[in-house]
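Student:
In the numbering used here, the protein residues as written are -6 to 167.
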């Protein structure tokens, strides 16, 4: 089955993480006529993303600064999305972080605060997003699709990447 641009026209999608893959997903869906609700921890990333969408208007692109590691922040964003567009059809959860010790320190050197932050953003954040998105999709569209980004490190551990790899293994498990 091939997906035509009409498969996405006027559908509503939420996207987290507007640098890299998240921005590419936003560009592609926008080009195919989808309506988007974009979330990032960085307002400048949101402004940059919106500037990359040539026909973005307040009616077809909603942007919000969201900490995906905060359940209440995620739920408020998804509620705002449904209020704005009337429904939710799908999502791309791309937000994530690698941490300052990525590739440089062993598990013995892993800082507890950074470990907790990576779990909160990379794993709990995806779960908070999925939970709110599934509720909204079931309540407004009945069917939909959610895509979560992990990493090759979600399938195979790498030396000196314990925290990041553990969170990405968790995303695969979701």
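Even for Gly, the Cβ is constructed at its ideal location relative to N, Cα and C. For clarity, every value in this text was computed on a predicted model and none was experimentally measured.
Less than 8 Å between the CB atoms is what I'm expecting for residue 27 and residue 1, so what's the real figure, rounded?
Tutor: By one-based count along the chain shown, residue 27 stands at place 34. By one-based count along the chain shown, residue 1 stands at place 8. Cβ-Cβ separation between residue 27 and residue 1: approximately 4 Å, consistent with a contact (criterion under 8 Å).
Student: How many whole angstroms separate the CB atoms of residue 122 and residue 61, which I take to be in contact at a CB cut-off of 8 Å?
Tutor: For this step, residue 122 is matched to residue 129 along the chain shown. For this step, residue 61 is matched to residue 68 along the chain shown. With 8 Å as the limit, residue 122 and residue 61 qualify as a contact, their Cβ atoms being about 6 Å apart.
Student: Check for me: the alpha helix (DSSP H) holding residue 49 runs from which residue to which?
Tutor: Here residue 49 refers to the residue found at position 56 when the chain shown is read from its first residue. First-last for residue 49: undefined, no H or E at that position.
Student: In chain order, what residues of the same chain have a beta carbon less than 7 Å from the beta carbon of residue 69, not counting five sequence neighbours either side?
Tutor: Sequence index remark: in the chain shown, residue 69 carries index 76 (1-based). Around residue 69: no qualifying Cβ.
Student: Does residue 14 come out as helix, strand or coil in the three-state DSSP assignment?
Tutor: Along the chain shown, one-based indexing puts residue 14 at 21. Residue 14 falls in the helix class under three-state DSSP.
Student: Taking only three categories from DSSP, how would you classify residue 30?
Tutor: Mapped onto the chain shown, residue 30 falls at position 37. Reduced to three states, the DSSP call for residue 30 is strand.
Student: Whose C-beta lies closer than 7 Å to the C-beta of residue -6 among residues of the same chain, with five residues either side of it excluded?
Tutor: Here residue -6 is taken as the residue at index 1 of the chain shown, counted from 1. Annotation note: pLDDT 40 at residue -6 (below 50); position unreliable, coordinate value reported separately. So the list is empty, once near-sequence residues are dropped.
Student: So, at 7 Å on beta carbons, what are the nonlocal neighbours of residue 96 in its own chain, with the 5 sequence-adjacent residues on each side left out?
Tutor: Position 103 of the chain shown, counted from the first residue, corresponds to residue 96. Excluding five sequence positions before and after residue 96, the CB atoms of its chain that fall closer than 7 Å to its own CB belong to 153, 154, given in chain order.
Student: My output table needs one value for residue 8: the three-state DSSP class, helix, strand or coil.
Tutor: In the chain shown, counting from the first residue as 1, residue 8 sits at position 15. Residue 8: strand per DSSP, three-state reduction.
Student: In whole angstroms, give me the CA-to-CA distance for residue 4 and residue 58.
Tutor: Position 11 of the chain shown, counted from the start, is the residue given in the question as residue 4. Position 65 of the chain shown, counted from the start, is the residue given in the question as residue 58. Approximately 22 Å, taken between the alpha carbons.
Student: Buried or exposed, going by whether 16 or more other CB atoms sit within 10 Å of the CB of residue 9?
Tutor: Mapped onto the chain shown, residue 9 falls at position 16. Buried: at least 16 other Cβ atoms inside 10 Å.
Student: Within its chain, find whatever has a CB closer than 7 Å to the CB of residue 107; leave out the 5 residues flanking it on each side and keep chain order.
Tutor: The residue you call residue 107 lines up with position 114 of the chain shown. Counting only Cβ-Cβ distances below 7 Å, and skipping sequence neighbours, we find 92, 93, 94, 156.
Student: If you follow the beta strand (DSSP E) that residue 139 is in, where does it begin and where does it stop?
Tutor: Position 146 of the chain shown, counted from the start, is the residue given in the question as residue 139. Its beta strand (DSSP E) spans residues 138 to 141.
Student: If you run the structure through DSSP and keep just helix, strand and coil, what is residue 57?
Tutor: Residue mapping note: residue 57 aligns to position 64 of the chain shown, counting from 1. Reduced to three states, the DSSP call for residue 57 is strand.
Student: Let's test the definition: count the other Cβ atoms within 10 Å of the Cβ of residue 33 and tell me whether it reaches 16, buried, or not, exposed.
Tutor: For the purposes of this step, residue 33 is taken as the residue at position 40 of the chain shown. With 16 or more Cβ atoms within 10 Å of its Cβ, residue 33 is classed as buried.
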